[in-house]
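Everything below concerns the one structure shown next.
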Amino acid sequence: MSAATSASRTDSRPGGRSARVRSAVHQAVKDLLADETADQLTIPVIAARAGVHATTVYRRWGSVGDLLADVATSRFSGDFVVPDTGSLRGDLERYAADLAKDLGDPDTLALVRATIGVGGEQGAAVCRKERQDQLEAILDREQSRGNEVPTIDRTIDALLAPLYYRAVFTDRTPTPEWARTLVAHLLPEAPEPHRTGEAVPADGERTPGPDHPTTNVVRENPDRARG
């Protein structure tokens with residue numbers, strides 16, 4: 041069963057007992073991930089922690105992989121605000137910094153690792169989809185302002201790929217400061233324009249040009265001044 045099928049099935053009966061069961065099972069998964077590794081998660085163990093019958097969990101989710109995908113979808117879509125700073129650079133820097141904070145949270149990181157580890161490509165797609173949708177919203181908004189934007193693939197390669205790689209596959213926690221630097225690779229700063237009358241030599245030091253006001257100042261001859 042796909043993650044999309046699982047999610048649609050679990051969302052088909054909102055409210056009442058269905059919502060309570062889903063909430064209890066989701067919380068059980070999060071609690072267990074704080075104490076156990078993903079390969080120790082089983083439907084009976086999750087059901088026992090949630091206080092429901094294992095058959096209920098099997099019937100609604102089918103497998104641990106589908107259950108993790110549903111928990112991840114709910115987690116990643118529920119509490120992440122897409123920034124609107126007024127500029128693409130500002131939006132992406134804020135987004136990258138916020139995502140670094142999110143991935144730096146041990147509970148979030150445990151869920152991401154479990155979803156990818158158990159679900160494979162399907163789990164990775166679940167983790168990627170919500171983030172891709174959020175980035176597309178930022179790019180679409182900037183494009184609607186009449187500005188050029190990088191492609192979604194370039195944006196994912198520049199921001200999501202290094203953030204997730206560092207968080208999931210290394211022991212280095214992504215920091216907001218480091219995450220902001222990723223935007224500079226995607227959106228290089230435009231060079232500062234030269235001011236009229238200034239020449240810029242190879243060493244980068246600006247020197248007055250021939251039209252600069254200080255160039256044509258006539259210095260008084262000290263001998264003439266004494267005479």
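Taking the working numbering, the leading residue of the sequence shown gets 41, the next gets one more, and so forth. No residue lacks a Cβ here, since even glycine has one placed at the ideal position from N, Cα and C. Given the structure is predicted, the values throughout are model-derived calculations rather than measurements.
Query, Result
"Given 8 Å, three or more beta-carbon pairs between the region 151-159 and the region 206-222", "yes"
"C-alpha distance - Ser58 paired with Gln183, whole-angstrom precision", "41 Å"
"With 16 other Cβ atoms within 10 Å as the buried cut-off, status of Ala219", "buried"
"Cα-Cα separation, Ser117 to Arg168", "11 Å"
"Contact set for His225: own chain, Cβ-Cβ below 6 Å, skip 5 residues either direction", "Ala198"
"Contacts around Ile192, its chain only, beta-carbon distance under 8 Å, and the 5 residues preceding and following it disregarded", "Gln172, Leu175, Glu176 and Leu179"
"For Val122, the nearest candidate out of Arg115, Leu132, Arg100 and Ser114 (CA to CA)", "Leu132"
"Chain D contact for Val111 (CB, 8 Å cutoff)", "You won't find chain D in this structure, because it holds only one protein chain."
"Close beta carbons around Arg134, own chain, < 7 Å, minus the five adjacent residues each side", "Pro123 and Thr125"
"Proximal residues to Thr195 (C-beta, below 7 Å), its chain only, five neighbours per side dropped", "Leu175, Leu179 and Leu226"
"Beta-carbon proximity list for Ala68, same chain, < 7 Å, skipping 5 on both sides", "Ile86, Arg89 and Ala90"
"Boundaries of the alpha helix (DSSP H) in which Pro216 is found, first to last residue", "Pro216 to Leu226"
"CA-to-CA distance, Val111 to Ile83, given in whole angstroms", "14 Å"
"Contact under 8 Å by Cβ, Leu143 with Leu203", "yes"
"First and last residue of the uninterrupted alpha helix (DSSP H) at His66", "Gly56 to Asp75"
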